[in-house]
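What follows is one structure encoded as structure tokens, with my remarks underneath.
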Amino acid sequence: MSQAIVPQNVLMISETVLKSFSDVDPNVTSSVLLPFVTLSQQLTLEYIIGRPYYVQLLQQIVDGSISGDTTNYNFLNYFCKPLLVWDSYKLALPSIWMRIRNNGIVNTENSVSVKEMEWQQARADSTSQFFQERMRQEIIFNSQFYPLCFNFTSTQGLFPHLTKNYNMNIHLPNGHGDNYGMYAGWARSGIGVYSGPEFACVNGGCF
């Protein structure tokens, strides 16, 4: 299947959910909010879980095949929903704060300063980061329930990103345990090596 053949108009959370579980005012219109739900699904959720699993979830939403007390149903409600609420909120805040109109870019009436808006956005981002990490750990430590996050080919599109990127003097790329010998050599040479759980326990081996 081409990477382009992905449902683009399927939302995993509704406008009501977004407003109910965040402090977005009920008067904010759907035209402001809903594009950022779609953006969050692709920028954040698909990036974490990869295209194969992302497409499966979307397709099951479309055909109504997700039922209660199944892995995908619980994953959508417990892991995806709070992540998308706060990530969509974070992405939407600048557009809530100011809008592009015919006469240019304008602030909303009686708006807070850009610094205050950025503070609120950072707060939402921190909450989103928590739910992203909770999702990663769920997939990593319960990998048997998420086969599409571990069994895929390069032709299936975006692959899962189950590790966090750290800005350090030494960059350790995402790995699957088979390159551990290189890192062990670094350790023997006195070079510090960090291995998180997402690196250390994959493909049946823990180091």
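The numbers in the numbering used here rise by one with no breaks, and the one at position 66 of the sequence shown is 48. Even for Gly, the Cβ is constructed at its ideal location relative to N, Cα and C. Quantities reported herein were computed from a predicted structural model and do not represent experimental measurements.
In whole angstroms, give me the CA-to-CA distance for residue i and residue j.
i       : j       : result
Arg9    : Val44   : According to the sequence provided, residue 9 is Asn. The question's Arg does not apply to it. Distance between the alpha carbons of Asn9 and Val44: 28 angstroms.
Val19   : Leu(-7) : 7 angstroms
Gly32   : Leu25   : 11 angstroms
Thr(-2) : Gly50   : 21 angstroms
Val67   : Phe134  : 28 angstroms
Leu237  : Phe141  : Nothing about residue 237 can be read from this structure; the chain reaches only from -17 to 189.
Ile121  : Gln111  : 16 angstroms
Asn161  : Tyr55   : Interpretation of Asn161 is limited by its pLDDT of 48, a score under 50 that renders its predicted location unreliable; no figure is taken from the coordinates.
Tyr36   : Lys72   : 21 angstroms
Glu98   : Leu75   : 11 angstroms
Arg116  : Thr53   : 16 angstroms
Ser95   : Val14   : 20 angstroms
Asn(-9) : Phe123  : 31 angstroms
Tyr29   : Thr145  : 11 angstroms
Phe3    : Leu27   : 18 angstroms
Arg118  : Trp79   : 31 angstroms
Ser77   : Phe61   : 26 angstroms
Pro17   : Ser125  : 31 angstroms
Leu39   : Ile48   : 8 angstroms
Thr109  : His143  : 19 angstroms
Lys63   : Gln41   : 17 angstroms
Gly139  : Asp5    : 35 angstroms
Run the CB neighbour count on residue i, radius 10 Å, all protein chains shown included, and call it buried at 16 or more, exposed below.
i       : result
Ile152  : With a pLDDT of only 48 at Ile152, under the threshold of 50, the placement of this residue in the model should not be trusted; the figure read from the coordinates follows. Under this definition Ile152 is an exposed residue.
Ser46   : It should be pointed out that residue 46 corresponds to Gly in this sequence rather than to Ser. It is exposed - the Cβ of Gly46 has fewer than 16 other Cβ atoms within 10 Å.
Ser136  : exposed
Phe113  : buried
Asp7    : exposed
Phe57   : buried
Gly187  : Since pLDDT at Gly187 reaches only 45, below the 50 mark, its modelled position is unreliable, and no value is offered.
Ser22   : buried
Ser12   : exposed
Ser(-4) : exposed
Pro34   : buried
Ala69   : In the sequence under discussion, the amino acid at residue 69 is Asp, which differs from the Ala named in the question. Result: buried.
Looking at the secondary structure, which residues open and close the alpha helix (DSSP H) in which residue i lies?
i     : result
Val96 : Val96 to Phe123
Ser2  : Glu(-3) to Ser2
Could you confirm whether any beta carbon from chain C is found closer than 8 angstroms to the beta carbon of residue i?
i      : result
Asp107 : Of the protein chains in the structure, only one exists, and it is not chain C.
Inset, instruction - Please list the segments of the alpha helix (DSSP H) lying wholly inside the region 5 to 65, counting only runs of 4 or more residues, in order along the chain. - result: 12 to 22, 28 to 31, 33 to 45 and 53 to 56
Can you confirm whether the region 98 to 109 touches the region 117 to 134 when touching is taken to mean that 3 or more C-beta pairs between the two stretches lie within less than 8 angstroms? no
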